[in-house]
Structures are given as structure tokens and as C-alpha cells.
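Trainee: The structure follows.
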Amino acid sequence: MTLRWEAFLDQVRERGEYDTREEADRAARVVLALLGAHVLGAERAELAARLPESYALILLNPLQAAEPLSPERFVRATAAWIEGASQATATWDVAAVLTVVADAAGEELTDRLLLQLPTGYDALFGRPQSI
Numbered sequence: 020m021t022l023r024w025e026a027f028l029d030q031v032r033e034r035g036e037y038d039t040r041e042e043a044d045r046a047a048r049v050v051l052a053l054l055g056a057h058v059l060g061a062e063r064a065e066l067a068a069r070l071p072e073s074y075a076l077i078l079l080n081p082l083q084a085a086e087p088l089s090p091e092r093f094v095r096a097t098a099a100w101i102e103g104a105s106q107a108t109a110t111w112d113v114a115a116v117l118t119v120v121a122d123a124a125g126e127e128l129t130d131r132l133l134l135q136l137p138t139g140y141d142a143l144f145g146r147p148q149s150i
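To convert, count from 1 in the sequence shown and add 19; that's this note's numbering.
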């Protein structure tokens, strides 16, 4: 089921403890643009179908990545794209967005997305794996 834009953004805003929808929207756009460069094929299309249209388009037309980014580099890239962000605030932004994405995707699709990503993204999606 596709989340409505307002519902998706309100969840990001709540998890990220943003003061405004604009702050939540900025984080969602950056994180989804970076994520779109790292997930491919059927999983990216399936995830896009579960997101509000404006965010689905961002996921499907991602920023270009020369190589897969480790979770730490993904956070640093997010910080670079969000004006005034630090690594700590970018970690917060990434987790706020990706936990909502994981909820929208459901467990099975999230597991398939994580298989495409370097080790360590599970924690950013709010699904840390036990050893």
C-alpha cells in the first residue's frame, strides 16, 4: 500500500523530531536520492511503488554513485547535501527517513533491499541484526 505524502512526511517529521515539514522533506529528498543510487532493479521499483509519488520519483531518478557507499560514507554524503548538517545530525536524518522507508516497504522487501547494500545499513533502517 502506498503511503500518502502527508502521512510519510509526518512520520519522518516525528521520528526526526523536526520543527517543520520542510525540514523533514529536505531530509527525505536527500536520503532517498542517495538511496536510489544504491538499490537497483525490481527492489527499487517495488519500493518506489510504496512511497508517495514525489518521493518515488526521487528514488527512481537518483544521484549518481561511482561505487556503493558504506553506511558511514552514506551519512557523510547526506551531511554534505544538507546545508548546516554535521555527521551527527545527518545520522539522525538518515535514520529518521530510512526507518519510515522500512515501515513502508515491509520486512520482506526491506530484507531484499539490505542484501543490495553494504554491511551495516540494517541499523540505519532500524533493523540491527544480531551476531
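All residues carry an ideal CB built from backbone N, CA and C; glycine is no exception.
Just so you know, these numbers come straight off a predicted model, no measurement behind them.
What residue range is occupied by the uninterrupted alpha helix (DSSP H) comprising V120?
Mentor: Against the sequence shown, residue 120 aligns to sequence position 101. Segment 106-124, the alpha helix (DSSP H) holding V120.
Trainee: Which residue marks the beginning of the alpha helix (DSSP H) containing R34, and which one marks its end?
Mentor: Residue numbering aside, residue 34 sits at position 15 when the sequence shown is read from its first letter. Taken as a continuous stretch (DSSP letters only), the alpha helix (DSSP H) holding R34 covers 24-35.
Trainee: So L66 packs on A47, CB below 8 Å; how close in whole Å?
Mentor: For this step, residue 66 is matched to residue 47 along the sequence shown. For this step, residue 47 is matched to residue 28 along the sequence shown. About 13 Å separates the two Cβ atoms, so there is no contact after all.
Trainee: Buried or exposed for T97, going by 16 or more other Cβ atoms inside 10 Å?
Mentor: Counting from one through the sequence shown, the residue named residue 97 turns up at place 78. Under this definition T97 is a buried residue.
Trainee: Can L82 and A52 be called in contact, C-beta distance under 9 Å?
Mentor: On the sequence shown, residue 82 is found 63 positions in, with the first residue counted as 1. On the sequence shown, residue 52 is found 33 positions in, with the first residue counted as 1. Against a cut-off of 9 Å, the Cβ pair of A52 and L82 comes out as a contact.
Trainee: Within the continuous alpha helix (DSSP H) that includes E86, where are the two ends?
Mentor: Within the sequence shown, the letter at position 67 stands for residue 86. That residue, E86, is in no alpha helix (DSSP H); it is neither H nor E in DSSP.
Trainee: What are the start and end residues of the alpha helix (DSSP H) that includes F144?
Mentor: Working through the sequence shown from its first residue, we reach residue 144 at position 125. F144 -> no alpha helix (DSSP H), and no H or E assigned at all.
Trainee: What would DSSP say about V49, mapped onto helix, strand or coil?
Mentor: In the sequence shown, residue 49 corresponds to position 30, counting from 1. Helix, per DSSP.
Trainee: Looking at the secondary structure, which residues open and close the alpha helix (DSSP H) in which P71 lies?
Mentor: Here residue 71 refers to the residue found at position 52 of the sequence shown. Looking at the DSSP string, P71 is not in any alpha helix (DSSP H), and its letter there is neither H nor E.
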